[in-house]
Each structure stands twice: as structure tokens, then as C-alpha cells.
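Here the structure comes first, spelled out in C-alpha cells, and everything after it is commentary.
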Amino acid sequence: MLFFGTSQFSAEEAKDLLAEEGLHLDAIRIKAFPFGREVEEFISSHNLVFVIEQNRDAQMRKMIIMELDTAPSKLAPVLNYDGMPITADKIKNEITQYLSLEKKQVHELSKTTV
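Using full-length UniProt numbering, the letters of the sequence shown map in sequence onto residues 1 to 114.
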């Protein structure tokens, strides 16, 4: 999980909520651009990173893809753009939904391969 700015508190709360359900995620807060080495190391050391943003266009995700030459499939967007601050429940639900869909796709794929 990667977050920045005012999404910090909701992201940290969502991380705790997910941990209560048995899903433990690593997290990093971006503090500046250009990105520090720790951001690049965090992303490269994980197979999937949820990028939490409060805008429609996933601007931070795009910057990471371009600046750190990261595969887009490695960065899952968690977006909020309804004019209200993002909530921990929104983040938790988006991550849970994404992982459920991914698990379902893997299951469906395994049924088709013999």
C-alpha cells in the first residue's frame, strides 16, 4: 500500500482494518518528488502495490510508472474523486474487492488449463 498527503490517516486505519481480517499489508508514505530510493525499493520488493489517491486520473500512479519504469499491472489504483475525503472503509473495500476479483480470475484460469 502506497499513499501520500491527506490520505495518510485513512490509509493507516484501512491497513489496521485489513489486518484485523487477516490481511497484512506493508505500507509506505510518499513525502516528496522526485521519489526517494526507499519508494523505488518498496515497489520493487512487492508483486502488487495499491496506490491510494484522491483524484480521478491516478496521477501519482502514472508518475511512478514513468519515473520508476514500473509495470502498470504492478500498481493497483485505489481512487476517490467524489469531492469528499477518502475513508478507511473505502480503501479497505477497494482492496478487498480487487483481491477477490484477482483470486477469482486465477481460479477461472486454473480451471481452463489442463
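Each residue gets a CB set at the ideal place from its N, CA and C atoms; glycine is no exception.
None of the values given here were measured: they were computed from a predicted structure.
In this structure, the alpha-carbon of residue 53 lies about 7 Å from that of residue 77. Residue pairing by DSSP places residue 30 opposite 4 in a beta bridge. Taking the C-beta atoms as reference points, residue 30 is found nearer than 8 Å to residue 2. Within the region 47 to 99, the alpha helix (DSSP H) runs of at least 4 residues that lie entirely inside it are, in chain order, 59 to 68. Using a Cβ-Cβ distance cut-off of 8 Å, the region 15 to 22 and the region 33 to 40 are not in contact, since fewer than three pairs of beta carbons, one from each stretch, lie closer than that value. The beta carbon of residue 88 lies closer than 7 Å to those of 10, 13, 14 and 17 in the same chain, with the five residues before and after it left out. In the structure shown, residue 25 falls within a coil segment according to DSSP collapsed to helix, strand and coil. With contacts defined as CB atoms closer than 8 Å, residue 6 and residue 72 fail to qualify as a contacting pair. Boundaries of the alpha helix (DSSP H) harbouring residue 42: 37 to 44, taken from the DSSP string. Residue 75 counts as buried, since no fewer than 16 other beta carbons sit within 10 angstroms of its beta carbon.
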